[in-house]
Amino acid sequence: MLTACRNLQDGKEKKKEIMEKRVATKNRKGMKASPQEILNGPILKTLFRLAVPTIIAFTFQTAFNFIDRLFISRLGELQFGAIGMSFTVQSIIIAIAAGVGAGSSSLISRFIGAKRYKDANNAAEHSLLIVLVTAAVFTIGGPLLSRPLFVLLGASDNMLPFILKYINVILFGSFFAFFTMIGNGILRGEGNMVKPMQVMVIGTLTNIILDPLLIFGLGPFPRMGIEGAALATVIARAVSAVLLALSLFGDKNIIKFNLKVFKYNGQFIKGIFKVGGPSMISQLVQSLGLSLLFILLRPYGDFVKAAFTMGFTYQQVAFLPILGIAISVLTMTGQNYGAKNYERVRQIFKQASLAAAAIMLIFTGLFIAGSRTFITIFSNNPEVLRVGKDLLVIFSIGFPFIALRMVQVNVFQGLGMGFKSLILNLSQMLFLTIPLALLMSYFLGLNGIWIGMVMGNFLTAIAGLIWVGHVTKKLIV
């Protein structure tokens, strides 16, 4: 009996040793970083090595958003503004998917750092369960609620039909968005940034090819206008979902799925939502804040909404490097926290903050110098040009502060402290940015809204630096 127990224990230890060797040898080449590099390598080098694939992926995605909106701007300013207002609902989908993805990534990275591989597998399986439930809710319920929602948000009678044509197609294909974003979060949790990059790049290229064909009816394709843009997006997301599924259920990942013996365990759902829930609420708050900003802009007319959409588009472009850094910060923080490497967690926060702020200062200078030129790419309307130029200059002043907050939020998420990340984001949008935008608009009119937004980001970044610094210091003491 004793011999059998020893053999069983030896078998478990051998299996664990094999898993650790597989983890150790995985991701050594190219743009990948192994868990050993994440735990022991040079911080900035490892951070950027992890960040580069994500930056490439989001560069393609943002390039598509830019091209997509450029195509749609040729349809008219109502259609262009409709895309901007539609993003309020799309951002809810993104918030939920990204929140669950962040929760999965954080939980999986901490399990891998602690060498609890079976728990990492179970966490990934429960993430896919969440995909099925949330996608069903949006696919069925979304189209039923879209009209009253956009009426509430202040959509004009002229713009509303274009909004509904676009968003209802997006909602019918929401499963592919949920699956892709949450699946990418699973892979990032194990430190694999390359496969999500490949999936996003192929999906984006598919979207770029289909967009002009379906919008303008080139060749044998019918002219579908704004509906064609939505359909191209859904098809591209479906392509990404298929490619991601082939990777997730393959045999080359640290994470291994065994759905045949899957058993529901609420503790894994709880673990995912401990970080993912606050992350989700944070992004929903950002969506709510965006909706409130559109309400604030309603008295100024549709051309202001179009200018705001242009400024928001350029902000997305500017933050591509920071998205990569922030997601990498979550992975590095999670694995080092799981391995009890607390001093390294603190250094990750410091070095990532400096790098993020420095990068965004470059973009601030670029957008201040070329604001008029950037707006004319989308529109030559004198009113849009006047508003967009001022907006882009003021927006860009706040870029370094937004970058700092993004790093702070992802440090908290990597530590499993989702509630703290929620407080930081709630403070930024609901308690500072919106009230300050409203207050400043009374004194300075439209430009006061943009100035209030910058003030909110500045105050949040300063508070976040103090708070995260205190929390990471307490880990060491």
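The sequence shown begins at 0 in numbering that gives the first Met the number 0 and counts up by one. Glycine included, C-beta positions come from ideal geometry on N, C-alpha and C. Computed from a predicted structure; not experimentally measured.
Discussion item. Given this structure, state the Cα-to-Cα distance separating L152 from A81, to the nearest angstrom.
Written reply: To locate residue 152, count along the sequence shown from 1; it is residue 153. To locate residue 81, count along the sequence shown from 1; it is residue 82. Going from the Cα of L152 to the Cα of A81 covers about 12 Å.
Item to complete: Report, in whole angstroms, the separation of the C-beta atoms of L125 and F267, which I expect to be a contact under 8 Å.
Response: As a first step, residue 125 is located in the sequence shown; it is residue number 126 there, counting from the start. As a first step, residue 267 is located in the sequence shown; it is residue number 268 there, counting from the start. One detail in the question is off: residue 125 reads as His in this sequence, not Leu. With 8 Å as the limit, H125 and F267 qualify as a contact, their Cβ atoms being about 4 Å apart.
Discussion item. Is the beta carbon of N120 closer than 8 Å to that of K255?
Written reply: Along the sequence shown, one-based indexing puts residue 255 at 256. Along the sequence shown, one-based indexing puts residue 120 at 121. In contact: K255 and N120 (Cβ atoms closer than 8 Å).
Worksheet item: For T363, which residues of its own chain have a beta-carbon under 8 Å away from its beta-carbon, when the five flanking residues on both sides are left out?
Response: As a first step, residue 363 must be located in the sequence shown, where it is residue number 364. Within the same chain, T363 has close Cβ partners S395, I396, F398 and P399.
Worksheet item: Under three-state DSSP, which class holds P320?
Response: The residue given as residue 320 occupies position 321 in the sequence shown. The answer is helix: DSSP assigns P320 an H, G or I state.
Discussion item. So, with DSSP's three-state summary, where would you put R222?
Written reply: Start at 1 with the first residue of the sequence shown, and residue 222 comes out as number 223. Looking at R222 - three-state DSSP - the assignment turns out to be coil, as it is neither helix nor strand.
Discussion item. Which residue wins for smallest C-alpha separation from I71, given the options I225, R146, L425 and Y341?
Written reply: Along the sequence shown, one-based indexing puts residue 71 at 72. Nearest C-alpha to I71: I225.
Discussion item. Could you compute how far the alpha carbon of F457 sits from the alpha carbon of I162?
Written reply: Counting from one through the sequence shown, the residue named residue 457 turns up at place 458. Counting from one through the sequence shown, the residue named residue 162 turns up at place 163. If I take the Cα positions, the gap works out to 33 Å.
Worksheet item: Does the Cβ-Cβ distance between I271 and V136 come in under 8 Å?
Response: Taking the first residue of the sequence shown as position 1, residue 271 is located at position 272. Taking the first residue of the sequence shown as position 1, residue 136 is located at position 137. Their beta carbons are not under 8 Å apart, which means I271 does not touch V136 by this criterion.
Worksheet item: What is the rounded straight-line gap between the Cα of L423 and the Cα of I326?
Response: Numbered from its first residue, the sequence shown carries residue 423 at position 424. Numbered from its first residue, the sequence shown carries residue 326 at position 327. For L423 and I326, the distance between alpha carbons rounds to 17 Å.
Worksheet entry | Rounded C-alpha distance that separates F65 from I376 | Position 66 of the sequence shown, counted from the start, is the residue given in the question as residue 65. Position 377 of the sequence shown, counted from the start, is the residue given in the question as residue 376. If I take the Cα positions, the gap works out to 10 Å.
Practice prompt. Might you give, ordered along the chain, the residues of its own chain that have their beta carbon closer than 7 Å to the beta carbon of K28, omitting 5 neighbours on each side?
Written response: Here residue 28 is taken as the residue at index 29 of the sequence shown, counted from 1. Residue placement at K28 is flagged as unreliable, the pLDDT there being 49, under the threshold of 50; a coordinate-derived value is accordingly withheld.
Fill in: Beta-carbon contacts of D389 that lie in its chain and below 6 Å, excluding the five residues immediately before and after
If you number the sequence shown from 1, residue 389 lands on position 390. These residues qualify, in order along the chain: N446.
Worksheet item: CB-CB under 8 Å to I465, same chain, minus the five flanking residues each way: which ones, in chain order?
Response: As a first step, residue 465 must be located in the sequence shown, where it is residue number 466. Contacts found: none.
Worksheet item: Ordered along the chain, which non-local residues of its own chain (more than five positions away) have a Cβ less than 8 Å from that of L488?
Response: With the chain running from 0 to 476 in the structure shown, residue 488 is simply not present.
Item to complete: Grab me the residues of S306's own chain with a C-beta within less than 7 Å of its C-beta, minus the 5 sequence neighbours each way, in chain order.
Response: Translated into the one-based positions of the sequence shown, residue 306 becomes position 307. One detail in the question is off: residue 306 reads as Ala in this sequence, not Ser. Excluding residues within five positions, the ones whose Cβ falls inside 7 Å are V383, V386, G387 and L390.
Worksheet item: By the 10 Å Cβ neighbour count, where 16 or more other Cβ atoms means buried, how is N409 classified, buried or exposed?
Response: The sequence position of residue 409 within the sequence shown is 410, counting from 1. Label assigned to N409: buried.
Worksheet item: With C-beta atoms as the reference, is A229 less than 8 Å away from I139?
Response: On the sequence shown, residue 229 is found 230 positions in, with the first residue counted as 1. On the sequence shown, residue 139 is found 140 positions in, with the first residue counted as 1. Result no, Cβ atoms of A229 and I139 do not sit closer than 8 Å.
Discussion item. Going by DSSP in three states, P41 sits in which element: helix, strand or coil?
Written reply: Counted from its first residue, the sequence shown places residue 41 at position 42. Reduced to three states, the DSSP call for P41 is coil.
Practice prompt. Within the same chain, show all residues whose beta-carbon is closer than 7 Å to that of L242, passing over the 5 residues directly before and after it, in chain order.
Written response: Numbered from its first residue, the sequence shown carries residue 242 at position 243. Only V198 and I201 meet the Cβ criterion.
Item to complete: Kindly indicate the opening and closing residues of the alpha helix (DSSP H) around V260.
Response: Counting from one through the sequence shown, the residue named residue 260 turns up at place 261. From DSSP, V260 is part of no alpha helix (DSSP H); its letter is neither H nor E.
Fill in: Extent of the continuous alpha helix (DSSP H) to which D389 belongs
Reading the sequence shown from its first residue, position 390 is the one you call residue 389. Taken as a continuous stretch (DSSP letters only), the alpha helix (DSSP H) holding D389 covers P381 to I396.
Discussion item. Which same chain residues end up closer than 8 Å to N264 when comparing Cβ atoms and leaving out the 5 residues on each side of it in sequence?
Written reply: Start at 1 with the first residue of the sequence shown, and residue 264 comes out as number 265. Same-chain partners within the cutoff: N121 and H125.
Item to complete: Within the same chain, show all residues whose beta-carbon is closer than 8 Å to that of L69, passing over the 5 residues directly before and after it, in chain order.
Response: In the sequence shown, residue 69 corresponds to position 70, counting from 1. The answer, listed in chain order, is I376 and F377.
Worksheet item: Among residues of its own chain, excluding the 5 on either side of D210, which ones have a beta-carbon nearer than 8 Å to its beta-carbon?
Response: On the sequence shown, position 211 is the one that residue 210 refers to. Closer than 8 Å at Cβ, skipping near neighbours: F63, I66, D67, F70, G227, A228 and A231.
Worksheet item: Taking contact to mean at least 3 C-beta pairs separated by less than 8 Å, is the stretch 287-296 in contact with the stretch 435-450?
Response: yes
Discussion item. Can you give me the C-alpha to C-alpha distance between K25 and N257, rounded to a whole angstrom?
Written reply: Numbered from 1 along the sequence shown, position 26 holds the residue referred to as residue 25. Numbered from 1 along the sequence shown, position 258 holds the residue referred to as residue 257. At K25 the pLDDT is 48, less than 50, meaning the model places this residue with poor confidence and gives no usable figure here.
Practice prompt. Would you decide whether Y497 is buried or exposed? Buried here means 16 or more other CB atoms lie within 10 Å of its CB.
Written response: Beyond the ends of the chain as shown, which are 0 and 476, falls residue 497; an answer cannot be given.
Fill in: Residue nearest to L474 in terms of C-alpha spacing, selected from F348, L212 and A123
Numbered from 1 along the sequence shown, position 475 holds the residue referred to as residue 474. It is F348 whose Cα lies nearest to the Cα of L474.
Item to complete: Would you mind sorting Y116 into buried or exposed? The rule is 16 or more other CB atoms within 10 Å of its CB.
Response: For this step, residue 116 is matched to residue 117 along the sequence shown. Y116 is buried by the Cβ-count criterion.
Worksheet item: DSSP state of I181, grouped into three classes?
Response: Residue mapping note: residue 181 aligns to position 182 of the sequence shown, counting from 1. Helix.
Practice prompt. Kindly indicate which three-state DSSP category R115 falls into: helix, strand or coil?
Written response: To locate residue 115, count along the sequence shown from 1; it is residue 116. In this structure, R115 counts as coil in the three-state DSSP scheme.
Item to complete: Kindly list the residues whose CB is nearer than 6 Å to the CB of I358, restricted to its own chain and excluding five residues on each side of it in sequence; keep chain order.
Response: Stepping through the sequence shown from its first residue, residue 358 is reached at position 359. So the list reads P320, once near-sequence residues are dropped.
Worksheet item: Hey, is the stretch 271-288 in contact with the stretch 82-96, meaning 3+ C-beta pairs nearer than 8 Å?
Response: yes
Worksheet item: By how many angstroms is the C-alpha of F411 removed from the C-alpha of R187?
Response: On the sequence shown, position 188 is the one that residue 187 refers to. On the sequence shown, position 412 is the one that residue 411 refers to. So the two alpha carbons sit approximately 17 Å from each other.
Worksheet item: So which of S108, A240, N167 and M196 has the shortest CA-CA distance to A50?
Response: Position 51 of the sequence shown, counted from the start, is the residue given in the question as residue 50. Selected option, being the one with the closest Cα: M196.
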